[in-house]
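Asker:
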Amino acid sequence: MTIKRFFAKNFPEAMKMIKKELGPEAIILSSEQKPTGVEVVAAVEKEEPQPSDNIVTLKREIEQLKEALRRLGAAGYEFNVPEQRRRLLHVLKKNAIKEEFALRLCERCKDINEMIALLTNEIKAEMPEGHQKAVMVVGPTGVGKTTTLMKLVARAIRHGSTVGVICLDSYKIGAVDYLKRFCQVLRLPFRMVNTTEALPEAILALSSRDRVFIDTPGRSPSDRAYLKAMERFFIEFPEVETYLLMSANYDWRFLETTYQHYREFPVSCLGITKIDEVPVKGHIYNILSLYQKPVGFLTNGQRIPHDIVFPDSKELALMCLGVNEVKGGVHEAWA
Ligand SMILES: Nc1nc2c(ncn2[C@@H]2O[C@H](COP(=O)(O)OP(=O)(O)O)[C@@H](O)[C@H]2O)c(=O)[nH]1
Ligand SMILES: [Mg+2]
Numbered sequence: 577m578t579i580k581r582f583f584a585k586n587f588p589e590a591m592k593m594i595k596k597e598l599g600p601e602a603i604i605l606s607s608e609q610k611p612t613g614v615e616v617v618a619a620v621e622k623e624e625p626q627p628s629d630n631i632v633t634l635k636r637e638i639e640q641l642k643e644a645l646r647r648l649g650a651a652g653y654e655f656n657v658p659e660q661r662r663r664l665l666h667v668l669k670k671n672a673i674k675e676e677f678a679l680r681l682c683e684r685c686k687d688i689n690e691m692i693a694l695l696t697n698e699i700k701a702e703m704p705e706g707h708q709k710a711v712m713v714v715g716p717t718g719v720g721k722t723t724t725l726m727k728l729v730a731r732a733i734r735h736g737s738t739v740g741v742i743c744l745d746s747y748k749i750g751a752v753d754y755l756k757r758f759c760q761v762l763r764l765p766f767r768m769v770n771t772t773e774a775l776p777e778a779i780l781a782l783s784s785r786d787r788v789f790i791d792t793p794g795r796s797p798s799d800r801a802y803l804k805a806m807e808r809f810f811i812e813f814p815e816v817e818t819y820l821l822m823s824a825n826y827d828w829r830f831l832e833t834t835y836q837h838y839r840e841f842p843v844s845c846l847g848i849t850k851i852d853e854v855p856v857k858g859h860i861y862n863i864l865s866l867y868q869k870p871v872g873f874l875t876n877g878q879r880i881p882h883d884i885v886f887p888d889s890k891e892l893a894l895m896c897l898g899v900n901e902v903k904g905g906v907h908e909a910w911a
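In our numbering, the protein residues as written are 577 to 911.
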């Protein structure tokens, strides 16, 4: 409905204006005599133009096209993958293997057995223990360095080695105390150092031990000064083995950021922590594809010394694919 107010000298003139502007169907809603003339409010019911059937059909088709494009986008490159490999791709993605890695893997295999063989070959599992006397555990804050170090110390003792412990982590008071008590109970020599520069001396002081484990600060990977000091240490003291810890529950963006910070470190192996906290294990593949380093061990819980495992390449491949191998070579998740 259109409503409009008109002013005219008299009523007949107002009606003329109304008819001209609103047409013959206009109705008068009110009129009022004013000192200078008359004020009339008139209205007309104007029909909204209805879209023709063709336009309705066209609109619907456009919506359908938009939806098809949206789905095409969401499915990514999958449309280029031959039918028989789509299932492989779906399972890789379901297990959280990053899409670009999943596609590259699917291009190279046509069934699950080939995929297991490929991953087994690609994933290097290697625990470089015993090659060097000193082992340093590095990684982002809260990744599990101190906890893992205690698990590794307990294991070394079980294997008959004499062990010393150095702590460079003076920032997390509680965590240091815990490590200190752990060493007291096991009667292990324990040294606390506040700077990277003091590390070589502390390592030398423990040179009578078979193995020396070094815990490092829980600092943010964006702490450039700390990272630079560590890089200098590695240049001056190259005979230290470095285990870089990454948590299985890190998202890809965080992994990429940490990679920028730790890639200058001479990493001997990766330790992937908190695999008990993720429902699927493809993250392991993502982490090692990024770092291109062997996996030394996985940690799967908070219990010291129990929750640490040393899987081989095939076990890691099966884990990443979410496959349980059962008798006769049938793979449960794929049966
Ligand atoms: N669920 C789970 N928690 C872990 C694991 N490893 C360490 N944690 C926990 O993660 C938290 C941080 O560990 P901490 O060793 O202090 O990390 P740091 O800051 O890197 O030394 C603690 O609560 C640990 O008990 C693991 O494999 N699984
Ligand atoms: Mg710590």
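We put the beta carbon where it would ideally sit given N, CA and C, even for glycine. This one's a predicted model, so the numbers in the text were calculated from it and none came from an experiment.
Distance check for residue 610 and residue 594, CA to CA, integer angstroms please.
Answerer: Position 18 of the sequence shown, counted from the start, is the residue given in the question as residue 594. Position 34 of the sequence shown, counted from the start, is the residue given in the question as residue 610. Going by the C-alpha atoms only, they are around 18 Å apart.
Asker: Measuring only from the beta carbon, is residue 898 closer than 6 Å to any heavy atom that is part of ligand 1?
Answerer: Taking the sequence shown and counting its residues from 1, one reaches residue 898 at position 322. Flag unset: Cβ of residue 898 not near ligand 1.
Asker: Note down, one range per segment and in chain order, each beta strand (DSSP E) of at least 3 residues found wholly within the region 726 to 766.
Answerer: Whole beta strand (DSSP E) segments, 3+ residues: 739 to 743.
Asker: Name, in chain order, the residues that DSSP records as bridge partners for residue 788.
Answerer: By 1-based counting over the sequence shown, the position of residue 788 is 212. DSSP output for residue 788 lists 710, 740 as bridge partner(s).
Asker: Reducing DSSP to helix, strand and coil, say where residue 673 ends up.
Answerer: Residue mapping note: residue 673 aligns to position 97 of the sequence shown, counting from 1. Residue state, collapsed to three classes: coil.
Asker: With DSSP as the reference, label residue 768 as helix, strand or coil.
Answerer: Locating residue 768 in the sequence shown gives position 192, counting from the first residue. DSSP places residue 768 in strand when its eight states are reduced to three.
Asker: Can you tell me the Cα-Cα spacing of residue 859 and residue 634, whole angstroms?
Answerer: Counted from its first residue, the sequence shown places residue 859 at position 283. Counted from its first residue, the sequence shown places residue 634 at position 58. C-alpha separation (whole angstroms): 45 Å.
Asker: Just mark residue 740 as buried or exposed, buried being the case when its beta carbon has 16 or more other beta carbons within 10 Å.
Answerer: One-based indexing of the sequence shown puts residue 740 at position 164. Per the 10 Å Cβ criterion, buried.
Asker: In three-state DSSP terms, what is residue 835?
Answerer: Locating residue 835 in the sequence shown gives position 259, counting from the first residue. Here residue 835 sits in helix by DSSP.
Asker: In the structure shown, what three-state DSSP assignment does residue 578 receive?
Answerer: To locate residue 578, count along the sequence shown from 1; it is residue 2. Residue 578 falls in the strand class under three-state DSSP.
Asker: Grab the span of the beta strand (DSSP E) containing residue 819 for me, first residue to last.
Answerer: As a position in the sequence shown, residue 819 is number 243, starting the count at 1. 816 to 823 is the span of the beta strand (DSSP E), which, as asked, contains residue 819.
Asker: Cutting at 7 Å between CB atoms, please list the residues of its own chain near residue 845, excluding the five before and the five after it.
Answerer: As a working note, residue 845 is residue 269 in the sequence shown. Around residue 845: 702, 703, 704, 819, 869, 870, 871, 872.
Asker: I'd like to know whether the C-beta of residue 895 is nearer than 7 Å to at least one C-beta of chain B.
Answerer: Within the model displayed, chain B is absent; a lone protein chain is all it includes.
Asker: Verify the contact flag: residue 721, CB atom, against every heavy atom of ligand 3, threshold strictly below 6 Å.
Answerer: Looking for ligand 3 in the displayed structure turns up nothing; the ligands present are ligand 1 and ligand 2.
Asker: On the CB-based measure, 16 or more other CB atoms within 10 Å of its CB, does residue 961 come out buried or exposed?
Answerer: As displayed, the chain neither begins before 577 nor continues past 911, which places residue 961 out of reach and without an answer.
Asker: Using 10 angstroms around the beta-carbon of residue 911, count the other beta-carbons present and answer buried if the total reaches 16, otherwise exposed.
Answerer: The residue given as residue 911 occupies position 335 in the sequence shown. Note on residue 911: pLDDT 38, under 50, position unreliable in the model; no value is reported.
Asker: Count the other CB atoms within 10 Å of the CB of residue 832; is the residue buried (16 or more) or exposed (fewer)?
Answerer: Start at 1 with the first residue of the sequence shown, and residue 832 comes out as number 256. Residue 832 comes out exposed.
Asker: Mind checking residue 736: buried by the 16 CB within 10 Å criterion, or exposed?
Answerer: Here the question's residue 736 lines up with position 160 in the sequence shown. Exposed, since its Cβ has fewer than 16 Cβ neighbours within 10 Å.
Asker: Residue 816: which of 754, 742, 712, 892 sits nearest, CA to CA?
Answerer: Working through the sequence shown from its first residue, we reach residue 816 at position 240. Of the listed residues, the one whose Cα sits closest to residue 816 is 712.
Asker: Have a look at the DSSP bridge pairing and note the partners of residue 896.
Answerer: In the sequence shown, counting from the first residue as 1, residue 896 sits at position 320. BP columns for residue 896 are empty, so no partner.
Asker: Would residue 714 pass as a contact of residue 792 if the rule is Cβ separation under 7 Å?
Answerer: The residue you call residue 714 lines up with position 138 of the sequence shown. The residue you call residue 792 lines up with position 216 of the sequence shown. Going by C-beta atoms, residue 714 is nearer than 7 Å to residue 792.
Asker: What's the gap between the Cα of residue 590 and the Cα of residue 640?
Answerer: One-based indexing of the sequence shown puts residue 590 at position 14. One-based indexing of the sequence shown puts residue 640 at position 64. For residue 590 and residue 640, the distance between alpha carbons rounds to 52 Å.
Asker: Alpha carbon to alpha carbon, how far is residue 906 from residue 732?
Answerer: Here residue 906 is taken as the residue at index 330 of the sequence shown, counted from 1. Here residue 732 is taken as the residue at index 156 of the sequence shown, counted from 1. Note that residue 906 has pLDDT 45, beneath the 50 cutoff, so the model's placement of it is unreliable and no number is given.
Asker: Quick one: does the C-beta of residue 745 sit closer than 6 Å to a heavy atom of ligand 2?
Answerer: Numbered from its first residue, the sequence shown carries residue 745 at position 169. Yes, ligand 2 has a heavy atom inside 6 Å of this Cβ.
Asker: Given this structure, state the Cα-to-Cα distance separating residue 883 from residue 829, to the nearest angstrom.
Answerer: Sequence index remark: in the sequence shown, residue 883 carries index 307 (1-based). Sequence index remark: in the sequence shown, residue 829 carries index 253 (1-based). Those two C-alpha atoms are separated by around 27 Å.
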